[in-house]
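Q: This note's numbering puts the first residue of the sequence shown at 114, with every later residue one more than the last.
In this text, a Cβ means the ideal position worked out from N, Cα and C, and glycines have one as well.
These numbers were taken from a predicted model, which means no experiment stands behind them.
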Amino acid sequence: MKMKLLAINLIACTLSSLFASDELFHSSCARTLLTQAFEYIKTRHPNEGIALYIQVRDHPNAEIWMILKASTELKSHQLREDAIIGFKRIIAHPDTSESQLIHVGKILREMGVINEANAAFEKVLAQPIVSKDTHKYIEGLLGK
């Protein structure tokens, strides 16, 4: 039990340092550490990870992939509303890619959050350059 708490506290302290420094937060080392921390917590101490996932989801400088990972983990813990907050943040982010929007839209549709799913799909269609195949695919998802 002491090793479990020590490991979780070590991860929490290390991640607190990452969150305190915007430069460090965006480094490749931070990406690796965050990914490994998520995997460690997910496999060994899943319930203790919820606070971490929310912290990452809400961090003002979190990259889209981080928010997506955290929101997906929250969804897997049956924390529907917490996951939806993250997915909405991804949709609203100006740098979200076409593929990320489609992915988030599909997740939201599976969750039964149709209006938000459609908002993600509509944002894809609103982009200046959309391939004909993608346009047709999105229209199919929207039932047009």
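Just to confirm, is the Cβ distance from LYS236 to ILE204 under 8 Å?
A: Yes, these two residues count as a Cβ contact at 8 Å.
Q: Going by beta-carbon coordinates alone, are GLY199 and ARG222 separated by less than 8 Å?
A: No, the pair does not count as a contact, with Cβ atoms beyond the cut-off.
Q: Could you check what DSSP says for GLY162 in three-state terms: helix, strand or coil?
A: The answer is helix: DSSP assigns GLY162 an H, G or I state.
Q: Comparing C-alpha positions only, which one of LEU181, ARG144 and SER244 sits nearest to VAL217?
A: Selected option, being the one with the closest Cα: LEU181.
Q: Grouping DSSP H, G and I as helix and E and B as strand, with all else coil, what is THR209?
A: Of the three classes helix, strand and coil, the one that applies to THR209 here is coil, per DSSP.
Q: Helix, strand or coil for GLY225, going by three-state DSSP, please let me know.
A: The answer is coil: DSSP assigns GLY225 none of H, G, I, E or B.
Q: What number of angstroms, rounded off, separates the C-alpha of SER141 from the C-alpha of LYS188?
A: So the two alpha carbons sit approximately 26 Å from each other.
Q: Can you check which of these residues, HIS158, HIS206 and ASP246, is closest to HIS190 by C-alpha distance?
A: Among HIS158, HIS206 and ASP246, the Cα nearest to that of HIS190 belongs to HIS158.
Q: Looking at the structure shown, is HIS190 part of a helix, part of a strand, or coil, going by DSSP?
A: The answer is coil: DSSP assigns HIS190 none of H, G, I, E or B.
Q: In the DSSP assignment, find the unbroken alpha helix (DSSP H) run with HIS248 in it and report its ends.
A: Note, HIS248: alpha helix (DSSP H), 245-255.
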